[in-house]
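Chemist: The numbering used here applies: residue 1308 is where the sequence shown begins, and numbers increase by one. A virtual CB, placed ideally from N, CA and C, is assigned to each residue, including glycine. Quantities reported herein were computed from a predicted structural model and do not represent experimental measurements.
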Amino acid sequence: MSSTISPPSSIGTISFPPNYSRQPHHPISYLKTLSPPLQRLLFLSNTKPSNKPQILKPISCSSTDQNISDSSTKALRRLLGSPGIHQGPACYDALSAKLVEKAGFDFCFMSGFSVSAARLGLPDVGLISYGEMVDQGRQITEAVTIPVIGDGDNGYGNAMSVKRTVKGFIKAGFAGIILEDQVSPKACGHTRGRKVISRDEAVMRIKAAIDARKESGSDIVIIARTDSRQAISLEESLWRSRAFADAGADVIFIDALSSKEEMKALCEITPLLPKMVNIFYIVDIGSSVMANMLEGGGKTPILNPIELEEIGFKIVSYPISLIGVSIRAMQDALTALKGGRMPPPGSLPSFDEIKETLGFNAYYEDEERYITTTSQPPFQRGYSSVSSNLYSVQRRSLDDGEEQEPVVEVVTPEVYYGSDGPKGPFGGMWSRTLRVKITGRDGSEKLELRIPAGFLEGITNLVPALGGVNIKELLDNATGEPGRKLLLDFDDTMGDKIQLFLD
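Here it is as structure tokens:
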């Protein structure tokens, strides 16, 4: 049943179309080898002058998008043809994809499970649509330079729907696509309620995907997944995997294998497939096998990359690592905020780190290339920036050896500048300091914070538990009283004691 694949006409770094004629007396053949914009330019430059007006059609960007997608696909195929096993964390948006790339991974997956959770706040049970997945995928592929493998679910319908899905994923910039054999509506892997379509229909879906790839002029990697292991049996899943490979799939994937023995059984069917050296052949990576391990506790055993490579796997995905740690981190931060506390300093990056991750510094450097003297409003020209770091964080030594908590203290400037020129040290309310002290139920000091009394709004932002307190009224009543004064003393919803002093 295996189909014969003709090798591409690539020689070194120069690629010639199959029907290309290298003779100089074939201008039409030569013209066809050029990109559409270059064809249009060459045609106009060799056209005799005419008195008739020339109407130029706008040039489509689709060819540029296709080139980017092809480059990503070639990178993925080179990766799959290289020795060893390759790890791909599953992202769910542009930011998580950027973090995967910054961490040094060579490729990543776009998880349907995670996208459904992040974009819809809903379970992965077939509720997210083809259009939403393509839109999310386009944002992801545009944010990174590494190849991205997209989750095409069950193709969102029959074989014709699969063709549309594959073509849409190609246009979105994906280097690979995973297609499964579940019925509609689908069920999430490693969960109950999964049902699969018939053998014939499952194979036809893969053939439709291969046809869509050829029709698009792409070489996107087709990963054929079967969920029949849990829906029917191991034997059925092995049969389908062989049939998918014969139909032209590049990578075989049986979801939710239950043991190392079953994982070995999958890898043992790959020697039956032909292998070649040139990684650009479709059948070169037809023997590649994918493992999908559920980190939070699924049916497939959790094995390290070395063990997976010894069994025979080529790529491994981690579908819920990023979305899982994101959920836990947000839950912990919200619990702290609800209790009137800021998240612990070690649980979140600095603002500088956030800006670097998002590309602020790179943006500013690039922006400098285009700045002119008229780029800024007149009142901003020559304006010297003032540091926004009003606070310095110091560590307090604890005699009992407990973890040190930050003490935030204000750096009071000696001179500030207003609309009427420089002034001396602050007076009035600005000469006094508000101090917030948070003591745990066990008596340990969790936080001590000092800011100028004039920053009333600032203190409520830093300590949300004070948001409902009229601090200005308390300050007005305490005006003129010398020495330290206790303004507030109460327990928050977490049982911690919050005290507000005027120093």
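1. Is residue 1413 closer than 8 angstroms to residue 1393 when the C-beta atoms are compared?
2. With burial defined as no fewer than 16 other Cβ atoms inside 10 Å of the residue's Cβ, what is the status of residue 1487: buried or exposed?
3. What ranges does the alpha helix (DSSP H) occupy inside the segment 1433–1471, keeping only unbroken runs of at least 4 residues that lie completely in it?
4. Quick check on residue 1480: does DSSP put it in helix, strand or coil?
5. Just grab the DSSP bridge partners of residue 1398 for me.
6. Please determine, among 1801, 1533 and 1424, the residue with the shortest C-alpha to C-alpha distance to residue 1548.
7. For residue 1800, name the three-state secondary structure that DSSP assigns.
8. Taking a contact to mean a Cβ-Cβ separation below 8 angstroms, would you say residue 1806 touches residue 1753 in this structure?
9. Return the CA-CA distance between residue 1570 and residue 1564, expressed in angstroms with no decimal places.
10. Counting C-beta neighbours from all protein chains within 10 Å, is the total for residue 1671 16 or more, i.e. buried, or is it exposed?
11. Can you tell me which of the three DSSP states residue 1522 falls into?
12. Under 6 angstroms Cβ to Cβ from residue 1523, same chain only, skipping five residues before and after it: list those, please.
13. Given this structure, state the Cα-to-Cα distance separating residue 1451 from residue 1481, to the nearest angstrom.
14. Measuring straight from C-alpha to C-alpha, what distance separates residue 1519 and residue 1470?
15. Please identify the residue among 1572, 1449, 1419 and 1618 whose C-alpha is closest to the C-alpha of residue 1438.
16. In terms of residues, what are the limits of the alpha helix (DSSP H) holding residue 1811?
17. State the Cα-Cα distance for the pair residue 1679 and residue 1673, rounded to the nearest angstrom.
18. Is there at least one non-hydrogen atom of the ligand FMN closer than 7 angstroms to the beta-carbon of residue 1675?
19. Would you kindly check if the distance between the Cβ of residue 1771 and the Cβ of residue 1641 is under 8 angstroms?
20. Pair every Cβ in the segment 1431–1445 with every Cβ in the segment 1381–1395, then say whether three or more of these pairs are closer than 8 angstroms.
21. What residue range is occupied by the uninterrupted beta strand (DSSP E) comprising residue 1487?
22. Could you give the C-beta distance for residue 1512 and residue 1462, rounded to a whole number, given that I count them as a contact under 8 angstroms?
23. With residue 1759 as the anchor, note down where its beta strand (DSSP E) starts and where it stops.
24. Could you say which of 1537, 1748 and 1633 lies nearest to residue 1800 if we only look at CA atoms?
25. Taking only three categories from DSSP, how would you classify residue 1625?
26. Can you pull the DSSP bridge partners for residue 1680?
Modeler: Reading it off the structure:
1. Numbered from its first residue, the sequence shown carries residue 1393 at position 86. Numbered from its first residue, the sequence shown carries residue 1413 at position 106. Yes, the pair counts as a contact, with Cβ atoms nearer than the cut-off.
2. Against the sequence shown, residue 1487 aligns to sequence position 180. Label assigned to residue 1487: buried.
3. 1437–1450
4. In the sequence shown, the residue the question calls residue 1480 occupies position 173. Three-state DSSP puts residue 1480 in coil, outside helix and strand.
5. Translated into positions along the sequence shown, residue 1398 becomes position 91. Beta-bridge pairing links residue 1398 to 1417.
6. Residue numbering aside, residue 1548 sits at position 241 when the sequence shown is read from its first letter. Among 1801, 1533 and 1424, the Cα nearest to that of residue 1548 is on 1533.
7. As a working note, residue 1800 is residue 493 in the sequence shown. Coil.
8. What you label residue 1806 is simply residue 499 of the sequence shown in a count that begins at 1. What you label residue 1753 is simply residue 446 of the sequence shown in a count that begins at 1. Cβ atoms of residue 1806 and residue 1753: not closer than 8 angstroms.
9. Position 263 of the sequence shown, counted from the start, is the residue given in the question as residue 1570. Position 257 of the sequence shown, counted from the start, is the residue given in the question as residue 1564. So the alpha carbons of these two residues sit roughly 6 angstroms apart.
10. In the sequence shown, counting from the first residue as 1, residue 1671 sits at position 364. In the assembly as shown, residue 1671 is an exposed residue. Its beta-carbon has fewer than 16 other beta-carbons within 10 Å.
11. Working through the sequence shown from its first residue, we reach residue 1522 at position 215. In this structure, residue 1522 counts as helix in the three-state DSSP scheme.
12. As a first step, residue 1523 must be located in the sequence shown, where it is residue number 216. Cβ neighbours of residue 1523 beyond the five flanking positions: 1474 and 1477.
13. Position 144 of the sequence shown, counting from 1, holds the residue named residue 1451. Position 174 of the sequence shown, counting from 1, holds the residue named residue 1481. Those two C-alpha atoms are separated by around 11 angstroms.
14. Stepping through the sequence shown from its first residue, residue 1519 is reached at position 212. Stepping through the sequence shown from its first residue, residue 1470 is reached at position 163. Computed Cα separation, rounded: 5 angstroms.
15. Numbered from its first residue, the sequence shown carries residue 1438 at position 131. Considering only alpha carbons, the answer is 1419.
16. Given a span of 1308 to 1810 for the chain in the structure shown, any question on residue 1811 remains unanswerable.
17. Translated into positions along the sequence shown, residue 1679 becomes position 372. Translated into positions along the sequence shown, residue 1673 becomes position 366. Each residue's alpha carbon lies about 13 angstroms from the other.
18. Although the ligand FMN was asked about, the structure shown includes no ligands whatsoever.
19. Position 334 of the sequence shown, counted from the start, is the residue given in the question as residue 1641. Position 464 of the sequence shown, counted from the start, is the residue given in the question as residue 1771. No, the pair does not count as a contact, with Cβ atoms beyond the cut-off.
20. no
21. Counting from one through the sequence shown, the residue named residue 1487 turns up at place 180. Run containing residue 1487: none; DSSP gives neither H nor E here.
22. Translated into the one-based positions of the sequence shown, residue 1512 becomes position 205. Translated into the one-based positions of the sequence shown, residue 1462 becomes position 155. Between residue 1462 and residue 1512 the Cβ distance is about 6 angstroms, and since that is below 8 angstroms, they are a contact.
23. Along the sequence shown, read from residue 1 onward, the residue named residue 1759 stands at position 452. Element bounds for residue 1759: 1752–1759.
24. Here residue 1800 corresponds to residue number 493 of the sequence shown, with the count starting at 1. Checked all of 1537, 1748 and 1633; the closest Cα to residue 1800 is 1748.
25. What you label residue 1625 is simply residue 318 of the sequence shown in a count that begins at 1. In this structure, residue 1625 counts as strand in the three-state DSSP scheme.
26. Residue 1680 sits at position 373 when you count from the first residue of the sequence shown. Paired residue(s): none; residue 1680 is not in a bridge.
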